[in-house]
Structure formats: structure tokens, C-alpha cells
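Under the working numbering, the first residue of the sequence shown is numbered 5, with each subsequent residue one higher. A virtual CB, placed ideally from N, CA and C, is assigned to each residue, including glycine. In this text, all values refer to a predicted model and were calculated from it rather than measured experimentally. Everything below concerns the one structure shown next.
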Amino acid sequence: SPETCGNITDLVPLFQMYDKAQTVHYYTADNSNVTATLQEGVYAFTGVAALLFPTAELSTVPFYCLINRRATSFFYTTSETERSNALTAGGYLAFGITGYIYPTQVCGSVPLYRAHFIGANTDYLYTTSAADRDDAIKNQGFVDEGIAGYVMELASGTVSDA
Numbered sequence: 005s006p007e008t009c010g011n012i013t014d015l016v017p018l019f020q021m022y023d024k025a026q027t028v029h030y031y032t033a034d035n036s037n038v039t040a041t042l043q044e045g046v047y048a049f050t051g052v053a054a055l056l057f058p059t060a061e062l063s064t065v066p067f068y069c070l071i072n073r074r075a076t077s078f079f080y081t082t083s084e085t086e087r088s089n090a091l092t093a094g095g096y097l098a099f100g101i102t103g104y105i106y107p108t109q110v111c112g113s114v115p116l117y118r119a120h121f122i123g124a125n126t127d128y129l130y131t132t133s134a135a136d137r138d139d140a141i142k143n144q145g146f147v148d149e150g151i152a153g154y155v156m157e158l159a160s161g162t163v164s165d166a
């Protein structure tokens with residue numbers, strides 16, 4: 005049966021920023037969030053992690069963002085159970101929906117890996133790069149937390165006239 009895919013022309017960048025002092029990664033698809041965050045002078049822009057959909061599309065699910073102000077940590081998940089647990093027992097507050105991603109590997113999507121640093125300043129890393137994930141685990145003290153969902157890589161969002 006054919007896959008039911010979102011419209012790739014709707015894809016937007018998932019921007020990644022990093023606060024070196026607090027050792028915290030922040031991801032957003034909202035250009036105004038990027039501008040405001042960078043103007044504060046705390047976070048550095050570190051690139052585009054992936055492409056996702058800004059609104060619900062066929063076969064996609066919400067990619068929730070939660071913030072833990074006590075630990076200065078951002079947590080992202082597609083799981084209603086993880087979201088609920090983080091809100092009730094994890095000290096997190098709802099911080100909206102970052103975008104929409106696939107819950108399974110369809111439509112040419114790739115894994116968005118999640119790694120968790122557990123320490124004085126907890127941190128989550130989200131990446132499509134297995135090498136970056138492996139480096140974070142082997143050399144930076146992160147723990148592998150599997151796949152957060154499935155996203156489109158930068159090259160796949162390019163529309164061709166061919």
C-alpha cells in the first residue's frame with residue numbers, strides 16, 4: 005500500500021542552539037524564537053538539526069516541548085506517556101508543540117536520535133547523525149534514549165524541477 009506522507013514543501017528547519025554555561029540544548033522551528041534567544045546572548049546557534057512540519061500533516065504526530073526551569077532543560081517527545089510523566093513527576097512544564105514528525109520510519113524519513121545527559125545540569129541531545137549520537141555517548145557522558153521520532157534530513161527537503 006502507498007505511504008501517506010506529509011507535503012515536503014511544508015517542511016521547516018528545526019534550529020539547534022546551545023548554552024555552553026548551562027550545558028543545555030534548545031530546539032525550535034520558530035524563527036522569532038531563534039532571533040529572541042540569540043539576542044539574549046546566552047545561546048549560540050549551532051545549526052539545523054533536521055526538517056519537520058510546522059503543522060499537523062498526514063501520518064505525523066506532535067513533537068512536544070517541555071521545559072524544566074529548575075534544571076534548565078528542554079525535553080522533546082512524541083509520546084503522550086513520556087509527556088504526562090514529565091509533567092506530573094519530572095518537574096517539567098508544557099512548552100508547546102515544536103512541530104510534527106513521523107512516529108515510524110516512512111516517506112524517506114530518518115531517525116531523530118535522543119541522548120540524555122544526567123548531571124547537575126541535565127541536557128537532551130537530538131540528532132539525525134549516528135556519529136554525533138555515538139560521540140555524545142562515548143565522550144560526553146550522554147545516555148542513549150533511542151529514537152525520538154522520524155524527521156526529514158536537510159537534503160530531502162530540497163524540491164527538484166526534474
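Through-space distance from residue j to residue i, alpha-carbon basis
i    : j    : result
V16  : A25  : 28 Å
Q20  : S83  : 21 Å
N37  : T64  : 23 Å
S133 : A140 : 11 Å
I14  : L158 : Note that residue 14 is Asp in the sequence shown, not Ile. So the two alpha carbons sit approximately 13 Å from each other.
T85  : P66  : 13 Å
F146 : G112 : 28 Å
E175 : A60  : Here the chain covers residues 5 to 166 and nothing more, so residue 175 does not appear.
E44  : Q109 : 37 Å
A40  : L129 : 21 Å
V46  : Y22  : 8 Å
Close-in-space but distant-in-sequence residues of the same chain around residue i (CB under 6 Å, 5 per side omitted)
i    : result
T27  : N125, D127
D165 : Bear in mind that the predicted position of D165 carries a pLDDT of just 38, short of 50, making it unreliable; the figure below should be weighed with that in mind. Excluding positions up to five away in sequence, the list is empty.
Residues of its chain near residue i, where Cβ-Cβ distance is below 7 Å and the 5 sequence neighbours each way are ignored
i   : result
T81 : Y68, R87, A152
Y96 : L70, I71, N72, F79, A90
N11 : E61
Any non-hydrogen atom of the ligand GDP closer than 7 Å to residue i Cβ
i   : result
A98 : In the structure shown, the ligand GDP is absent, as is every other ligand, since no ligand is present at all.
Residue i, enclosing beta strand (DSSP E) - first and last residue
i   : result
T81 : 77 to 81
DSSP bridge partner residues for residue i (one or two, in chain order)
i    : result
A48  : Y22
G103 : F67
G153 : L116
Closest by C-alpha distance to residue i, when choosing among the options
i    : options             : result
N143 : G150, A135, E149    : A135
A119 : E7, N11, T8, H29    : H29
I105 : Y117, F99, E149     : Y117
A54  : D23, E149, Y31, E61 : Y31
G51  : V110, T8, T131, Q43 : T131
Y154 : P107, L62, D148     : P107
Residue i at chain D interface by Cβ criterion, 8 Å
i   : result
N37 : Annotation note: the requested chain D is absent from the structure, which comprises a single protein chain.
Element boundaries [alpha helix (DSSP H), containing residue i]
i    : result
I141 : 134 to 143
V38  : 35 to 43
Same chain, Cβ closer than 8 Å to residue i, five either side skipped, listed in chain order
i   : result
A33 : V16, P17, L18, F19, L56, P58, T102, G103
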